[in-house]
Amino acid sequence: MDQQVLDRLYDIVGPDGVVAHKSARSVYDCDGYTLEKAVPEIVVLPHSTEEVAAVVKFLNRERIAFVPRGAGTGLSGGCLPVEAPVMIGTSRLNKIVHIDLLNRYVVAQSGVVNLWVSNAVKEQGLQYAPDPSSQQACTIGGNIAENSGGPHTLKYGVTTNHVLGLEVVLPDGEIVTLGGTVEDVPGYDLRGITIGAEGTFGIVTQAALKLTRQPQAYRTFLAVFESVHHATQTVSGIIASGIVPAALEMMDTLIIQAIEEAFHFGFPTDAGAVLIIEIDGLAASLDPQTERIQAICKHNKAREVRIARDDAERMALWKSRKRAFGAIGRLSPNYCTQDGVVPRTKVPDILQRITEVSEKYQLRIANVFHAGDGNIHPILMYDERNADETRRVVQAGKEILNACVDLGGSLTGEHGIGVEKMGQMPLIFSPEDLMVMTQLRSVFNPDNLCNPNKIIPTPGGCIDVTTPRRQVPL
Amino acid sequence: MTQAAGHPPSPQFIIDGQAPETVVYPASIEEVSRLLKEANEHGRAISPVGHGAFLHLGGVPKRYEQALCMTGLSAIVDYQPTDMTITVGAGMSLAQLQAILGENGQWLPLDPPCLERATVGGVIAANLNGPTRFSQGTVRDFLIGIKVVRADGTLIKGGGQVVKNVAGYDLPKLYCGSFGTLGVIVEATFMIRPRPEAQTTLALTFSSAEKAGEAALKLTGSDMQPFFLELANFSPLSSSRDQQGDAYCLFVGFAGMQEEIDDQRNHLRDVVGDDIGSIEELSVDEAQTLSQALRDFPVSGPATLRCKVSLQPTQLATFCSDLAAEARRRYAPARLLARAGNGILYAAFEGDTVPDDQILSLVDWIRVHATGSNGFGVVEEISSALKERANVWGSVGKAFPLMQRLKDTLDPKGILNPGRFVGGI
Ligand SMILES: Cc1cc2nc3c(=O)[nH]c(=O)nc-3n(C[C@H](O)[C@H](O)[C@H](O)COP(=O)(O)OP(=O)(O)OC[C@H]3O[C@@H](n4cnc5c(N)ncnc54)[C@H](O)[C@@H]3O)c2cc1C
Ligand SMILES: Cc1cc2nc3c(=O)[nH]c(=O)nc-3n(C[C@H](O)[C@H](O)[C@H](O)COP(=O)(O)OP(=O)(O)OC[C@H]3O[C@@H](n4cnc5c(N)ncnc54)[C@H](O)[C@@H]3O)c2cc1C
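In order, the protein sequences belong to chains Z and S.
Mapping the first sequence onto our numbering, position 16 (from 1) lands on 16, and the numbers just tick up by one.
Mapping the second sequence onto our numbering, position 353 (from 1) lands on 1353, and the numbers just tick up by one.
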């Protein structure tokens, strides 16, 4: 990278705000999607909104592309630098700026870790509802970019339902506020379209986040079934009964075994599937709902329905669930988590298709997912030293997503398109749909300097995930 | 499908005294597409209209040549009760949608004014909602997919049919509250919810706005989960309960399972404390009357001026008492109704002899006091002659250039509702 550019960046952010050394930069070569890697030419870590603005203004003037990065837990290659030499990390934007308990919102810088927000208001009985399983690491900025969800979004909604306003440094270095700290801000909902834009509309530096009251009480069930079929019938039954559970998560045999081996929670390793069902709200409403849920489980031949005895047991159960991905590490040196969505009632169909894909490509696939909203997360296991197996993983992943689309679903429920799924966008969007998205991007990011080569496939369809532009380390 | 030439258009299509030259009634998406393509080629200004009785919202049209009446697009495209999703044509009335969902014990959790008449497209375009937004949210929280015809006639879609989806930019959000200025909404997919099994409403009275506001904050700060929470300086119920002087009411709704309703009703007094005039549970009929009145308040009764103010919930009470005093000084008595948990205040001012400059100074007062604490004030009804001076939407600050670029991108010739939105968009 040009020495003058480096010097200028040093001037703006100071020596502790620049990561220039090759070995230090190499940790930024990918996010949680490890099939493609690329090392940025320089990483800058601004300390304030003003520094972000100054960096971006400078890069815009020099026509140098850049990519925002939070904690790098993304699962679709969103912060992979693709023809973008500069990475702008938010790790120094890590302050909670303001807490307003009575009006129930928090203003946090974008590098603040998701869980810190809930922790900051826990004592006062409040929480920040979106709870991605990566919440101990992922940042508010990353959550906003991906419109992240989590196990409890079935009842509480995803990130966009909890963001009042954003402070954004636009790709030309201007600082704007979208939305605000009150509801119904006049004008177009630019906050709404920026959330989920995967960092292509600018760099979010700060956000006003709504707080939600912690429920008065919880009840958490572990229902054990002989087969996935019975578990999915139960999911449909619960939804049809008029109950809106806080969470409805399913795990299949393979994942149950991995988790049990890792955390010894006491999961039955011979079960075909388990459901984690959680209801919350007023204590008075939980008994009648419990009865209904138990009856539905029994009707669908549940082998056993356990109820978490106390908060400690509930936390242990959730901890196991949220670390399910980690547990897979015991079974396989590498894995690729897919993220697709089907209409809730099509969950049995998609699981059947996944089984077929697993047989066809000779891959082990474990399933742990948000069954309540039809959001599947098949985990495809492989060894990256085996080139053929790596290729089969990419192919199998694609086939699963195609099946989701065939069933009326979508390519991604919460992990985003990133670089991973660009090639498949035409499966669900027409050229006209993609054109309007390109135009929307141009409204915010006219020169495409901010996170280029993401989300929208370039016309001509030259982007194909089977032949990554960046070399997969095999 | 075009109204016979020579007929004056019916009053429902008149906006700020302007009548369109033609009214067209497309019956399919293809027709909407063709009509827009044609209009765009000729630079003809179009206003998409739902049931159209409430087109006062927004600035005076710069031009208005054709009304595009959407009520012909009212089919159920797809309804999967077990998936809790429904896709309908944008011209379907919300009442019809709710009736269809009601057959399966479900609903779209929105209770906007004029429920009977508002269309799905109008509800999205005007971001309509009602008291239950406190517990349920607004239309952006339920709209998961949308089809829109762009100004040039191109059909585009965003989102999809599934409840969780982050593929591509979130287009549905962009069209919520876009007031027909970015395209004509032709189809919408919503996620829906089970209808609450039971419901009850309590009316509380207080001797001042501050006391009522205090109680509202105690409620939102407690474990209670009100269905709605409305603060008013009047009571829409029978005259015997009419409010005197500075008295304020708090209307608290509870909904869900009978057990949780009973539990909350029984604890309500413990939570709000003793500084309370009266507390009374309404009969089913009274509750019905009240909820309709609360819902329709933003559009009902005579008013020389109506404003909607966005504030922090903690600022509501003081704002209300100060505003009521300001209004009295101008002989324009104010009826105030606030979505207390959301910080949204609707103010209607009566007095048809109030001079124009007094009305405008009231608008100024509202804006100055709202923006002083990062709030906003929008004028929802005022005589057409005053609209420009009142700057109905107010200022939207540094984000405006982006909004203008967005409009220019999606409607480069400015044919869709020109002049009606923020900054004259
Ligand atoms: C074990 C594990 C479990 C997970 N569980 C879930 C889950 O339950 N639900 C879920 O939704 N996701 C989940 N994820 C995915 C991931 O954690 C989320 O997408 C998360 O929001 C990413 O945050 P991050 O800070 O790591 O962002 P990064 O990975 O650093 O970046 C993600 C994207 O956001 C952009 N970005 C980051 N910060 C900013 C900013 N300030 N302004 C603009 N753009 C920005 C980047 O350019 C990139 O495109 C999981 C990931 C892992 C590894
Ligand atoms: C002064 C006033 C204030 C109001 N304030 C509120 C309020 O704060 N909250 C509230 O909930 N309700 C409010 N209303 C009520 C609301 O305006 C009407 O209930 C609603 O507009 C009726 O829906 P409709 O289908 O008849 O839409 P219309 O009144 O016909 O149209 C409303 C707007 O949506 C556009 N539109 C309609 N259909 C489409 C479509 N298919 N595609 C694109 N654009 C379309 C129109 O061009 C217009 O800008 C208010 C009404 C008035 C008169």
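Glycine is no exception: its CB is placed at the ideal position from the N, C-alpha and C atoms.
- Within chain S, the residues whose beta carbon sits less than 8 angstroms from that of Phe429 (chain Z) are Lys1157, Ala1167 and Gly1168, listed in sequence order.
- For Ile64 (chain Z), the three-state secondary structure derived from DSSP is coil.
- For the pair Val305 (chain Z) and Gln294 (chain Z), the CB atoms are nearer than the 7 angstroms cut-off.
- Inclusion of Asn451 (chain Z) in the 6 angstroms shell around ligand 1 follows from its C-beta lying nearer than that to a non-hydrogen atom of the ligand.
- Per DSSP, Gly326 (chain Z) lies in no beta strand (DSSP E) segment; the continuous alpha helix (DSSP H) that holds it begins and ends at Ala324 to Ile328.
- A Cβ-Cβ contact shorter than 7 angstroms links Gly173 (chain Z) with Lys57 (chain Z).
- Its Cα nearest to that of Pro1048 (chain S), the residue S:Phe1013 stands out among S:Val1379, S:Gln1018 and S:Phe1013.
- Annotated three-state conformation of Arg92 (chain Z) is coil, per DSSP.
- For Cys297 (chain Z), same chain residues with a beta-carbon under 6 angstroms away, outside a window of 5 residues either side, are Ala223, Thr234 and Val305 in chain order.
- Relative to the non-hydrogen atoms of ligand 1, the Cβ of Phe263 (chain Z) never comes closer than 6 angstroms to any of them.
- A direct Cα-to-Cα measurement between Arg391 (chain Z) and Gly413 (chain Z) gives close to 24 angstroms.
- Per DSSP, Thr1119 (chain S) lies in no beta strand (DSSP E) and is assigned neither H nor E.
- Measuring C-alpha to C-alpha distances from Ala208 (chain Z) to each of Z:Asn367, Z:Val244, Z:Asp349 and Z:Arg191 identifies Z:Arg191 as the nearest.
- For Phe444 (chain Z), the C-beta contacts it makes with chain S under 8 angstroms involve Leu1402, in order along the chain.
- Tyr382 (chain Z) is bridged by DSSP to Z:Asn334.
- For ligand 1, no non-hydrogen atom lies closer than 6 angstroms to the CB of Thr194 (chain Z).
- Contact note: Ala1399 (chain S) reaches chain Z through Val176, Thr177, Leu178, Gly187 and Leu190, using a C-beta cutoff of 8 angstroms and chain order.
- Rounded to the nearest angstrom, the gap between the Cα atoms of Ser332 (chain Z) and Val168 (chain Z) is 40 angstroms.
- Secondary structure remark: continuous alpha helix (DSSP H) runs of at least 4 residues inside the segment 2-27 of chain Z, in chain order: 3-13 and 22-25.
- Classified as buried, Val1088 (chain S) has 16 or more neighbouring CB atoms from the shown chains inside 10 Å of its CB.
- Shown in chain order are the members of the segment 1301-1317 of chain S whose Cβ falls below 8 angstroms from a Cβ of chain Z: Lys1308, Ser1310, Leu1311, Gln1312, Pro1313 and Thr1314.
- Secondary structure note for Ile256 (chain Z): its alpha helix (DSSP H) is the uninterrupted segment Thr253 to Phe263.
- In the three-state DSSP reduction, Met437 (chain Z) falls in the helix class (H, G or I).
- Boundaries of the beta strand (DSSP E) around Pro1048 (chain S): Ile1046 to Val1049.
- Between Phe444 (chain Z) and Gly202 (chain Z), the CB-CB gap stays under 7 angstroms.
- For Gly1072 (chain S), the closest alpha carbon among the candidates S:Pro1011, S:Ile1029 and S:Ala1167 is that of S:Ile1029.
- Here the alpha carbon of Asp1262 (chain S) sits roughly 11 angstroms from the alpha carbon of Glu1281 (chain S).
- Neighbours of Asp1083 (chain S) in chain Z, taken as residues whose beta carbon is under 7 angstroms from its own, are Pro343, Arg344 and Thr345 in chain order.
- Interface residue (Cβ-Cβ distance to chain Z less than 7 angstroms): Gly1343 (chain S) is classified as such.
- Note that the segment 1182-1201 of chain S touches the segment 1141-1153 of chain S; at least 3 beta-carbon pairs, one per stretch, sit closer than 8 angstroms.
- Listed along the chain, the chain Z residues whose CB falls inside 9 angstroms of the CB of Val1060 (chain S) amount to none; the nearest CB is some 17 angstroms away.
- Distance from the CA of Ile1076 (chain S) to the CA of Val342 (chain Z), rounded to the nearest whole angstrom, comes to 21 angstroms.
- Counting only Cβ-Cβ distances below 8 angstroms, Ser236 (chain Z) has contacts in chain S at Thr1082, in chain order.
- Leu1311 (chain S) is not bridged by DSSP to any residue.
- Look at Asp31 (chain Z): its beta carbon is less than 6 angstroms from one of the heavy atoms in ligand 1.
- Flagged as an interface residue toward chain Z: Phe1376 (chain S), by a C-beta distance shorter than 7 angstroms.
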